Amino acid sequence: MINVKNLKEDFYNFSVGFCMGGANVIPGVSGGTMLFIMGAFAKLTNAISTIASAETLKLLLAGQWKKLYERIPWRFLFGLVLGVVVSFATLAKFFVWMLENHKSYTFAFFFGLIIASIFTVNRQMQKWTPGAWISFAISALAAFGIVSLVPVDGGSQWYMLMLYGAICIIAMILPGLSGSFLLLIFGQYHRVWLAVGNLSHLQFSAEDVSTVLFLGLGAVIGIGAFVHLLNYLLKNFYNATIAALIGFMVGAIPRLWPWHHEINERMIYDAPEFNLSMIGIIGCLLGGLLLVIAIEFFARKKKKIEENNL
8 MINVKNLKED FYNFSVGFCM GGANVIPGVS GGTMLFIMGA FAKLTNAIST IASAETLKLL
68 LAGQWKKLYE RIPWRFLFGL VLGVVVSFAT LAKFFVWMLE NHKSYTFAFF FGLIIASIFT
128 VNRQMQKWTP GAWISFAISA LAAFGIVSLV PVDGGSQWYM LMLYGAICII AMILPGLSGS
188 FLLLIFGQYH RVWLAVGNLS HLQFSAEDVS TVLFLGLGAV IGIGAFVHLL NYLLKNFYNA
248 TIAALIGFMV GAIPRLWPWH HEINERMIYD APEFNLSMIG IIGCLLGGLL LVIAIEFFAR
308 KKKKIEENNL
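Heads up, the sequence shown stops at 317 in this note's numbering, and the numbers go up one at a time, no gaps.
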């Protein structure tokens with residue numbers, strides 16, 4: 008007999024992964040923002056922390072497969088990873104094309120998404136203390152400094168790809184800090200996402216396979232080491248940590264301003280001009296806002312149902 012409750016949970020986990028994957032493709036948007044909005048941030052960090060633990064390693068080395076299976080939330084992780092993979096397969100090449108051909112509309116959509124996300128994550132704050140405001144200011148300035156950097160080519164050697172993977176996976180899981188934008192800064196954005204798009208469409212080449220392999224290996228090492236620190240901060244410095252995450256989003260917003268152009272690799276922010284293009288841009292911006300509102304509504308409704316069933 009089919010368990011409808013499990014199917015709904017599986018679909019939700021898949022949806023979280025799909026939204027997370029789609030957000031991670033766009034420079035300036037973090038998949039961690041989607042995790043936070045959809046109420047899966049703590050669940051994922053706890054799952055990663057469980058996997059990257061001494062106890063799990065002991066069970067693995069001892070060959071205690073049953074206990075290992077019971078310890079790790081495989082069902083949640085499988086649904087999430089499947090959603091991310093499907094998202095990459097269907098959206099990676101599309102968003103690369105959109106950024107190259109319709110940048111203003113794409114940025115407007117995610118500008119609206121981030122604006123709404125700031126208010127959503129702010130509701131997780133318990134209290135705005137002086138320490139939280141300091142944490143917010145530091146992270147906002149740091150994020151703005153990062154998004155203001157001039158893109159450079161840091162090289163594509165295997166060890167550099169592992170370094171990019173370790174750094175970018177941390178950014179991808181943190182709300183407000185965009186791993187894709189860091190790839191853009193490192194000069195690897197098109198290389199990485201085109202490789203992901205090609206492989207997801209079963210178009211194999213040695214260069215694409217090595218790019219994804221070493222980037223993925225670095226990502227595994229990076230997230231395994233970082234998630235313990237993040238959980239510690241959330242447990243002991245909750246307000247300051249959430250404030251820092253909000254600061255990252257606020258500091259990253261300028262990068263997504265739809266009315267901008269680049270001169271000599273410098274970002275120039277223009278004032279909006281009223282024309283037909285502006286109507287489309289505003290429509291995309293409102294679309295991003297409404298999407299976050301809708302996602303949060305269903306996430307809160309799901310949480311309320313789960314609490315009532317306890």
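Ideal Cβ positions, reconstructed from N, Cα and C, are used throughout, including at glycine. It should be emphasised that the depicted structure is a prediction, and the values quoted were computed from it without experimental measurement.
Contact under 7 Å by Cβ, residue i with residue j
{"i": "residue 24", "j": "residue 103", "result": "no"}
{"i": "residue 207", "j": "residue 85", "result": "no"}
{"i": "residue 64", "j": "residue 51", "result": "no"}
{"i": "residue 299", "j": "residue 173", "result": "no"}
{"i": "residue 229", "j": "residue 176", "result": "yes"}
{"i": "residue 121", "j": "residue 260", "result": "yes"}
{"i": "residue 192", "j": "residue 168", "result": "no"}
{"i": "residue 117", "j": "residue 295", "result": "yes"}
{"i": "residue 263", "j": "residue 114", "result": "yes"}
{"i": "residue 111", "j": "residue 312", "result": "no"}
{"i": "residue 320", "j": "residue 45", "result": "Since the displayed the chain opens at 8 and closes at 317, residue 320 lies outside it and no answer follows."}
{"i": "residue 195", "j": "residue 171", "result": "yes"}
{"i": "residue 66", "j": "residue 74", "result": "yes"}
{"i": "residue 180", "j": "residue 39", "result": "yes"}
{"i": "residue 79", "j": "residue 57", "result": "yes"}
{"i": "residue 29", "j": "residue 106", "result": "no"}
Alpha-carbon spacing of residue i relative to residue j, whole angstroms
{"i": "residue 2", "j": "residue 141", "result": "Residue 2 lies beyond the range of the chain shown here (8 to 317); nothing can be said about it."}
{"i": "residue 70", "j": "residue 146", "result": "43 Å"}
{"i": "residue 310", "j": "residue 241", "result": "20 Å"}
{"i": "residue 136", "j": "residue 144", "result": "12 Å"}
{"i": "residue 190", "j": "residue 178", "result": "10 Å"}
{"i": "residue 284", "j": "residue 100", "result": "24 Å"}
{"i": "residue 17", "j": "residue 87", "result": "9 Å"}
{"i": "residue 305", "j": "residue 258", "result": "28 Å"}
{"i": "residue 244", "j": "residue 293", "result": "34 Å"}
{"i": "residue 227", "j": "residue 279", "result": "42 Å"}
{"i": "residue 308", "j": "residue 77", "result": "28 Å"}
{"i": "residue 214", "j": "residue 282", "result": "44 Å"}
{"i": "residue 315", "j": "residue 83", "result": "21 Å"}
{"i": "residue 209", "j": "residue 138", "result": "50 Å"}
{"i": "residue 219", "j": "residue 37", "result": "19 Å"}
{"i": "residue 154", "j": "residue 31", "result": "15 Å"}
{"i": "residue 89", "j": "residue 81", "result": "12 Å"}
{"i": "residue 61", "j": "residue 237", "result": "17 Å"}
{"i": "residue 290", "j": "residue 265", "result": "12 Å"}
{"i": "residue 188", "j": "residue 255", "result": "13 Å"}
{"i": "residue 68", "j": "residue 235", "result": "21 Å"}
{"i": "residue 286", "j": "residue 186", "result": "30 Å"}
{"i": "residue 211", "j": "residue 12", "result": "38 Å"}
{"i": "residue 93", "j": "residue 239", "result": "32 Å"}
{"i": "residue 59", "j": "residue 224", "result": "14 Å"}
{"i": "residue 119", "j": "residue 22", "result": "20 Å"}
{"i": "residue 108", "j": "residue 297", "result": "24 Å"}
{"i": "residue 217", "j": "residue 53", "result": "30 Å"}
{"i": "residue 163", "j": "residue 15", "result": "42 Å"}
{"i": "residue 205", "j": "residue 221", "result": "16 Å"}
CB contact below 7 Å: residue i versus chain B
{"i": "residue 124", "result": "The structure shown has no chain B; it contains just one protein chain."}
Closer than 6 Å: residue i CB and nearest the ligand GTP heavy atom
{"i": "residue 256", "result": "Here there are no bound small molecules, and the ligand GTP is not part of this structure."}
Measuring CB atoms only, is the segment 192-205 touching the segment 145-152, in the sense that at least three cross pairs come out at less than 8 Å?
no
Across the segment 247-258 and the segment 128-136, are there enough close Cβ pairs to call them in contact, namely three or more that are closer than 8 Å?
yes
Quick one: complete alpha helix (DSSP H) runs, 4+ long, within the segment 192-254?
196-207 and 213-243
Which runs of the alpha helix (DSSP H), 4 residues or longer, sit entirely within the segment 89-144?
110-129
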